[in-house]
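If you count the sequence shown from 1, position 286 lands on 286 in my numbering, and the numbers rise without skipping. All residues carry an ideal CB built from backbone N, CA and C; glycine is no exception. Scroll down for the structure; my scribbles are underneath it.
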Amino acid sequence: MTDREAWQQDVVARVKKLQKALQEQGIEGALLVQSADILYYTGTFQNGHLYLPAEGEPLYLVRRNVERARATTLCGRVVELQSFRQIPALLQEHGFKLPQTLGLELDVLPVSYYFQYQKLFPQTRFRDVSPIIRRQRAVKSAYELELLRESGRRLDRMLAAVPDLVELGETEVALAGRLEGEARRLGHQGLVRFRGFSADFFMGHFLTGPSAAEPSYFDGPVSGPGLDPSFAFGPSWRRLGENEPIYVDYGFAWRGYVTDATRVYVIGRLDPELERAHRVALEIQQAVLEEIRPGKSPASLYELACRMSEKAGLKEYFQGWQQPVRFIGHGVGLELNDLPVLAPGVEEPLEAGMVIAIEPKFVFPGKGAVGIENTVVVTPSGARRLTNYPDAIQVISSRK
């Protein structure tokens, strides 16, 4: 079987699984527009709407580029869509009755689209299918897991390149550019998909010293100052010095699938307080990994991490300074923020095939951030790592 045949087989199975869920929920079809969701159910993405009926072959209504969609779509028929107004007629033309109940991705769908759908389907009741889709996407197939393994291997190679790229006195943004160039050379697609409204995101962070303790809008333990207030995220113009943490947190997107990892480097020697906090982060990671298995509550893993940080006397620095995030891990896949989330109140149990980035971190004002992040897959026997570059603080020989 060729790779394309295996991929197509996987995509067809995904479609059938969603169709079964739609039937169980009494939803006659779903109309999808989110890039990651269309990619998941077709094997490609072009600008358009994917109609996925509860029974029958999907219909991909493409605005542009139709020919490319026809060449790359792995499941369903592709037809040209010139305007929103054509959608009902095209559905009927291809043998579908206008649905009385239609599923939409209400977590991300623009209101302008929703209003247009109301006009196009005046007799139709809309249902939110985002939870169904996201729960399905949370459990990866064997084909997806192999793509994620390769993503993890390439992320390891990216992290291994850091010591040869850093230079004392150079700016964070220049150092980030060097590393991101290496990522592209390794096959990074250049985009990390992130689900949500105004979800501006880049490949990751390359931060030095106190930059990593600079708070901002991003819902993560570390944000970074950015170059200016227009995008207050990631590296700044600050220059690298000795004896300060070099905080490197990147996702690697390989054929759509993202793994996520964080490592800490230093030229010289870190403050003993930061060294100790990093050791505690590794202990938390190990404890969480030992507890991961099918049936485990995500909330219980978060609570375990919090208890350990408090016992170590580091609670006030855990998962961010002053405004800590309330999670210890997040799903990854086609989007950096897939399900599940290891957070308080999340009791839906883990399943085999889920892929999660575990990230215990400590942020110290005026000093920077330390900690660890690794991507793991939940297997029947526990957690298996997909990122394997050494977890310890990496000491780099001085370069001036």
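- The DSSP-derived three-state label of K361 is strand.
- Only residues of its own chain outside the window of five on either side were considered, and among them T259, T375, L386 and T387 have a CB closer than 7 Å to the CB of G152, listed in chain order.
- The beta strand (DSSP E) runs lying completely inside the stretch 198–237 and spanning 3 residues or more are 204–208, given in chain order.
- Contiguous beta strand (DSSP E) elements confined to the stretch 105–153 occur at 125–128, taking only those with 3 or more residues.
- In terms of CA proximity to A352, V377 leads the group V377, L186 and L102.
- Looking only at T44, A54, A174 and A357, the smallest Cα-Cα distance to Q19 is reached by A54.
- The three-state secondary structure of L301, taken from DSSP, is helix.
- Cβ atoms of H278 and I393 come within 8 Å of each other, at about 6 Å.
- Nearest Cα to K361 within the set S236, S112 and R326: R326.
- One alpha carbon belongs to H188, the other to Q86, and they sit about 37 Å apart.
- Between I292 and L350, the C-beta gap is smaller than 8 Å, which places the two residues in contact.
- Apart from sequence neighbours up to five positions away, the residues of its chain that approach S297 with a beta-carbon distance below 7 Å are E347 and P349, ordered along the chain.
- Each of E105, K315, A89 and L240 was checked against the Cα of V129, and the nearest Cα belongs to E105.
- Ranking D228, S211, F201 and L227 by CA distance to the CA of F218 puts F201 first.
- Pairwise C-beta distances place the stretch 195–211 in contact with the stretch 330–348, as three or more of them are shorter than 8 Å.
- Spanning the alpha carbons of D37 and I133 requires a straight line of approximately 8 Å.
- Secondary structure at A383: strand, using DSSP grouped into helix, strand and coil.
- Contact between T42 and L74 holds, with the beta-carbon distance rounding to 6 Å and staying under 8 Å.
- For A281, the enclosing alpha helix (DSSP H) begins and ends at P272 to E291.
- In chain order, G43, L74 and C75 place their CB closer than 6 Å to the CB of V11, counting only its own chain and leaving out the 5 sequence neighbours on each side.
- In the same chain as P210, and ignoring 5 residues on each side of it, the C-beta atoms closer than 7 Å to its own belong to G366, K367 and G368, in chain order.
- Where A21 is concerned, there is no enclosing beta strand (DSSP E), although the alpha helix (DSSP H) around it starts and stops at D3 to Q25.
- As computed with DSSP, Y389 is found in no beta bridge at all.
- Assigned with DSSP and collapsed to three states, A30 falls in strand.
- Annotation for R77: E57, P58, L59, Y60 and H94 place their beta carbon closer than 8 Å to its own, counting only its chain and skipping 5 residues before and after.
- In the three-state reduction of the DSSP assignment, P163 falls in the helix class.
- By the beta-carbon neighbour count (other beta carbons within 10 angstroms, threshold 16), V111 is exposed.
- In its chain, beyond the 5 residues on either side, L165 have a beta carbon closer than 8 Å to the beta carbon of R178.
- P344 and G103 have their C-alpha atoms some 29 Å from each other.
- When DSSP states are grouped into helix, strand and coil, I372 belongs to the coil group.
- Only exposed fits E310, as fewer than 16 other CB atoms lie within 10 angstroms of its CB.
- The beta carbon of Y257 sits closer than 7 Å to the beta carbons of E144, L147, L148, S151, G333 and L334 from its chain, once the five residues preceding and following it are set aside; these are given in chain order.
- Pairing Q34 with F45, the inter-Cα distance amounts to about 9 Å.
- By the CB criterion at 8 Å, V108 and L81 fall outside the cutoff.
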